[in-house]
Structures are given as structure tokens and as C-alpha cells.
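Trainee: The sequence shown begins at 483 in our numbering and counts up one residue at a time.
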Amino acid sequence: MTNQDLAPIQPAERISEIDIIRGLALFGILMVNMSFFKFPIFFDRYPSSFAAGGDQVGAWVIQLLFTGKFYAIFSFLFGLGFYIFMERTLQKGLALVPLYRRRLFALLLFGFIHLLFFWSGDILLTYALVGFILLRFRDKPLESIKKWIIGLFALSLFMHVLFGLISGYGELMLGDQYGAMMADMIAEAKVYYLQSSFLELVAYRAVNEIPYVLLSLFLMIPAVLAFFLCGLYVGRVGIFKDLPAHVSLFRKVRNLGLPLGALLLLAYVLVEKGILPVGMLLRPVLLSALNYSASLFIFPAYIALLLLALQNDRAKKILSPIAAAGRMALTNYLSHTLICVLLFYGFGLGLYASISVLQGIVIVLVIYATQIVLSNLWLSRFRYGPLEWLWRVMTYKQIQPFLIRK
Numbered sequence: 483m484t485n486q487d488l489a490p491i492q493p494a495e496r497i498s499e500i501d502i503i504r505g506l507a508l509f510g511i512l513m514v515n516m517s518f519f520k521f522p523i524f525f526d527r528y529p530s531s532f533a534a535g536g537d538q539v540g541a542w543v544i545q546l547l548f549t550g551k552f553y554a555i556f557s558f559l560f561g562l563g564f565y566i567f568m569e570r571t572l573q574k575g576l577a578l579v580p581l582y583r584r585r586l587f588a589l590l591l592f593g594f595i596h597l598l599f600f601w602s603g604d605i606l607l608t609y610a611l612v613g614f615i616l617l618r619f620r621d622k623p624l625e626s627i628k629k630w631i632i633g634l635f636a637l638s639l640f641m642h643v644l645f646g647l648i649s650g651y652g653e654l655m656l657g658d659q660y661g662a663m664m665a666d667m668i669a670e671a672k673v674y675y676l677q678s679s680f681l682e683l684v685a686y687r688a689v690n691e692i693p694y695v696l697l698s699l700f701l702m703i704p705a706v707l708a709f710f711l712c713g714l715y716v717g718r719v720g721i722f723k724d725l726p727a728h729v730s731l732f733r734k735v736r737n738l739g740l741p742l743g744a745l746l747l748l749a750y751v752l753v754e755k756g757i758l759p760v761g762m763l764l765r766p767v768l769l770s771a772l773n774y775s776a777s778l779f780i781f782p783a784y785i786a787l788l789l790l791a792l793q794n795d796r797a798k799k800i801l802s803p804i805a806a807a808g809r810m811a812l813t814n815y816l817s818h819t820l821i822c823v824l825l826f827y828g829f830g831l832g833l834y835a836s837i838s839v840l841q842g843i844v845i846v847l848v849i850y851a852t853q854i855v856l857s858n859l860w861l862s863r864f865r866y867g868p869l870e871w872l873w874r875v876m877t878y879k880q881i882q883p884f885l886i887r888k
């Protein structure tokens, strides 16, 4: 394996649209994750649970425009990235499977450390585990991949309904005890997050949060694999190799996805606000299913909207700084956690459970804007982000060039 085989993708070889979309997906993910950084995972996040006014409006904006949509885009791009990695690896005459397995084991390690020591909302562990399944689809016919996508989305929707039923039934059976139990768990979480040392908090999360996270893997794996396969499928059919030739397709996706997604979100609003009464048992079922179904239409529409905008040179120039954040997605994603841990936990600034929704949105904007600036400065001097470089070293088992020599 020569240095030329491992040479980084040159700027002219990169698909800047992918980097920009990935960079914007990071923003959407942080917007949703902020609530989980600053409040206990047991906290009721339905928008109507917030006091009327700015916070409730902010919660509705996050729920309707962000929740479920950008995680889907990020997952789609992971699948597309797998195709690009596969194509480039095979063009170099390198062995795909051992290389990609090492890449996934490295990601698994990042995710395990992130989940165990820092934050229960980690997605990297799930991506790595599902990535091993994705490898098995590398040579499957396109028609077979399409059937798997449909089947996995159907399975995932069924599981959302099932988990919603379990949640609704538990709440119905416990009655007032359910609210009291949630209140006690939230109060306990606040005490631990604000008063514990780092290691004490790790122990608390290992007992009280991580089992819940691991259980949720059963809900996440079918959906994540389906999003990965969407990215693999789009890569295989060559859409990103000639974006201008597919403008009419992007318009169709936008024109279909946005109205259908909006109708499903309208139904979500009617159920969530109690305008459409459905009963305590069915309410969590419908809310979960409607939000998930809406995301399936909206996430491709968002991608199509961005790709259409990026066909305009002026729009592309305006959005181009975001590409650097997308190229450093792993570093920026994990730095979200580092920043928020220092902001919210007791051994940091101790702002846990004291920040409003609107204040959280402001924090997101500040973090994201700072990351765009720092990412551009970093990539003007280095070939990769720091964790991207380490990931590459672990993948190829060789020290990689890091500095840009001028």
C-alpha cells in the first residue's frame, strides 16, 4: 500500500455539495441534541408541555423542522460515504472489506468512549454496528436494495407503533404514579448532573441511562440501515456524479416530499395539542408514527432543496464555508458533547436544567458559527480534522500526512 494509494482526496475530487449538506446536517443534529444535553432524557419534550410564549414556539420549530430530519440526512450521507469509500478503494486495487472493517472498529471505539464517559445520546456506536451490516449489501443488485429499504422502513414504522403502544399502556396503567415516577427520575438526574464528579456521573449514567439507550437500539437499527441503504442506492445510480443532469428529479422529490411531510406534521400538531382527541393509549403511538413518517418524506426533500440551491453559483458561494464543517464532521460532532458537558454539567459551568429553549437555540447558533470559522481555519493548515486524521490512521494502520505543505 503506497502513499499514493492513501493520498487524500484532492479539493477538485471532492463533491462539495456533500460536504455542505453534511455541515448543515450537523447544525440540525445539534439543534435537536441541545435539549438532551441540557435536560434529563426522561424530560417531556412535547412542545405543548412548555409554557406558552417564546419557548413553546421554539420547541415547535425544533420539533417540526428538525427532529428526525437531520439525523436521517446524516445517516443517508454515511451510506453515500460508504459507496464513495468503496469505489475509491476498489479503484486503487485495495481490499475493501478489511479496510472498512477497521474503519468501523475505530468508529465503534469512538462511539463506546463517547457513550460510556460523556453522553447517552451517542450515534457513532449505532453507526458502527449497522455499518457491519451495510458491508453485506455492497454487491447486492439495486432492485434488491430497493426492496430492503422499503421493508426496513415498514419494519421501523411498525416498531415505532409497538414502542408507542408499550409507552402508552405503561402510562395508562400507572396513572398518576407515572407522572410522580418521572418527576422523581428527573429530580434525581438534576442532582447527579449538577453535584457529581465526572466518575460519579459516569457511574450514574451507566446504571440509569445506558440500559435505556441500548434498548433503543432495537428501534434504531432498522431505520439507520434503511437510511444507509438509501445513500448506497443513490451512490450506485450515480446521481452525485452528475448533479445538473438530475435537477428535474430533485424538483420532483421536493414537490412530493414537502407537501406530504407537511400534511403528516399537521396531523402531528392536531394530535399533540389535543385538537384531535385520540386517548392516552393511542396518543404516543400516533405522535411517534406521524413524526417518523413525516421525516421519511421531508429528509429527501431537504436534500433536494439544498441540491437545487447549490446549482446556483451565488448560493453555492454563500454556503461554501459550511463545507469545512462537513469535512470535519466527526471532530465537530464530538466537540458538541465536549462543549455542552463543560457548559451544563456540575463540574463545568453547571447550567444543567436552567436554560430555556430560546437560550438553547442561541447557544446552538454560537457553537455552530464558531465551528464553521474554526473548521475553515484548521483546514487551511491541515489536510484533515484531528479526529478524521486519527480515524484514517486507525483504518490504514499507517501514519498519514497531516500538514498542508505550502
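C-beta: ideal position from N, C-alpha, C; glycine also.
Fair warning: this is a prediction, and the values are worked out from it, not measured in the lab.
Please confirm if the segment 840–857 is in contact with the segment 504–516, defined as three or more CB-CB distances below 8 Å between the two stretches.
Mentor: Result yes; three or more Cβ-Cβ pairs closer than 8 Å.
Trainee: Pull up the DSSP beta-bridge partners for Phe-864, would you.
Mentor: Paired residues: Leu-885.
Trainee: Under three-state DSSP, which class holds Met-513?
Mentor: Three-state result, Met-513: helix.
Trainee: From what residue to what residue does the alpha helix (DSSP H) around Pro-477 run?
Mentor: In the structure as shown, the chain begins at 483 and stops at 888. Residue 477 is therefore absent and cannot be evaluated.
Trainee: What does the Cβ neighbour count give for Ile-757, buried or exposed, with the cut at 16 atoms within 10 Å?
Mentor: With fewer than 16 Cβ atoms within 10 Å of its Cβ, Ile-757 is classed as exposed.
Trainee: So, with DSSP's three-state summary, where would you put Met-568?
Mentor: Met-568: helix per DSSP, three-state reduction.
Trainee: Rounded to the nearest angstrom, how far is the Cβ of Val-514 from that of Ile-544, given a contact under 8 Å?
Mentor: Right, the Cβ-Cβ distance comes to about 6 Å (below 8 Å), so this counts as a contact.
Trainee: Would you check if there are 3 or more beta carbon pairs closer than 8 Å linking the segment 593–604 to the segment 653–661?
Mentor: The segment 593–604 is not in contact with the segment 653–661.
Trainee: Can you give the Cα-Cα distance for Ile-692 and Ser-698, rounded to whole angstroms?
Mentor: Between Ile-692 and Ser-698, the C-alpha separation is close to 10 Å.
Trainee: Whole angstroms are fine: how far does the CA of Phe-864 sit from the CA of Pro-490?
Mentor: Since pLDDT at Pro-490 reaches only 48, below the 50 mark, its modelled position is unreliable, and the value read off the structure follows with that caveat. Straight-line Cα distance between these residues: approximately 11 Å.
Trainee: Quick check: Ile-780 and Gly-743, are their CB atoms within less than 7 Å of each other?
Mentor: It is a contact, given that the beta carbons lie within the stated cut-off.
Trainee: Measuring straight from C-alpha to C-alpha, what distance separates Leu-578 and Phe-587?
Mentor: Going from the Cα of Leu-578 to the Cα of Phe-587 covers about 14 Å.
Trainee: Contact between the segment 772–789 and the segment 564–578: three or more CB pairs below 8 Å?
Mentor: Touching, no.
Trainee: My understanding is that Gly-540 touches Ser-777, with C-beta atoms under 8 Å, so please give their C-beta distance in whole angstroms.
Mentor: Incorrect: roughly 19 Å between the Cβ atoms, too far for contact.
Trainee: For Gly-510, is the classification buried or exposed, using 16 other Cβ atoms within 10 angstroms of its Cβ as the cut-off for buried?
Mentor: With 16 or more Cβ atoms within 10 Å of its Cβ, Gly-510 is classed as buried.
Trainee: Anyone know if the C-beta pair for Ala-806 and Leu-752 falls short of 7 Å?
Mentor: Taking 7 Å as the Cβ cut-off, Ala-806 and Leu-752 do not qualify as a contacting pair.
Trainee: Does Ala-636 pass the burial test, meaning 16 or more other C-beta atoms within 10 Å, or should it be called exposed?
Mentor: By the 10 Å Cβ count, Ala-636 comes out exposed.
Trainee: So Phe-884 and Trp-871 are supposed to be a Cβ contact under 8 Å. How far apart are they, rounded?
Mentor: Their Cβ separation, rounded to whole angstroms, is 6 Å, which keeps Phe-884 and Trp-871 in contact under 8 Å.
Trainee: What would DSSP say about Val-760, mapped onto helix, strand or coil?
Mentor: Coil, per DSSP.
Trainee: For Leu-606 versus Phe-592, is the C-beta distance shorter than 7 Å?
Mentor: Yes, the pair counts as a contact, with Cβ atoms nearer than the cut-off.
Trainee: Taking the straight line between their C-alpha atoms, what separation do you get for Pro-493 and Pro-803?
Mentor: The predicted model places Pro-493 with a pLDDT of 49, which falls under 50 and marks its position as unreliable; any figure quoted below should be read in that light. Whole-angstrom Cα-Cα distance: 14 Å.
Trainee: CB-CB under 6 Å to Leu-459, same chain, minus the five flanking residues each way: which ones, in chain order?
Mentor: For the chain, the structure presents residues 483 to 888; residue 459 sits outside this window and is missing.
Trainee: CA-CA distance, Tyr-750 and Arg-765?
Mentor: Their backbone Cα atoms lie some 10 Å apart in a straight line.
Trainee: Under 7 Å between the Cβ atoms of Val-823 and Leu-647?
Mentor: No, these two residues do not count as a Cβ contact at 7 Å.
Trainee: Between the C-alpha atoms of Asp-724 and Val-695, what's the straight-line distance to the nearest angstrom?
Mentor: Each residue's alpha carbon lies about 40 Å from the other.
Trainee: Measure the C-alpha to C-alpha separation of Glu-727 and Ile-631 and round it to an integer number of angstroms.
Mentor: It should be pointed out that residue 727 corresponds to Ala in this sequence rather than to Glu. The alpha-carbon atoms of Ala-727 and Ile-631 are separated by roughly 25 Å.
Trainee: Check whether the Cβ atoms of Tyr-774 and His-642 sit closer than 7 Å, and answer yes or no.
Mentor: Yes.
Trainee: On a Cα-Cα basis, can you pick out the residue from Ala-533, Met-516, Asp-501, Ile-497 that is closest to Gln-841?
Mentor: It is Met-516.
Trainee: Closest by CA to Tyr-582, which one among Phe-560, Leu-598, Phe-594?
Mentor: Nearest C-alpha to Tyr-582: Phe-560.
Trainee: Kindly indicate which three-state DSSP category Lys-629 falls into: helix, strand or coil?
Mentor: Here Lys-629 sits in helix by DSSP.
Trainee: So, with DSSP's three-state summary, where would you put Thr-819?
Mentor: The answer is helix: DSSP assigns Thr-819 an H, G or I state.
Trainee: Let me know the secondary structure DSSP gives Asp-892 once reduced to three states.
Mentor: Any answer about residue 892 is impossible in this case: the structure gives the chain only from 483 up to 888.
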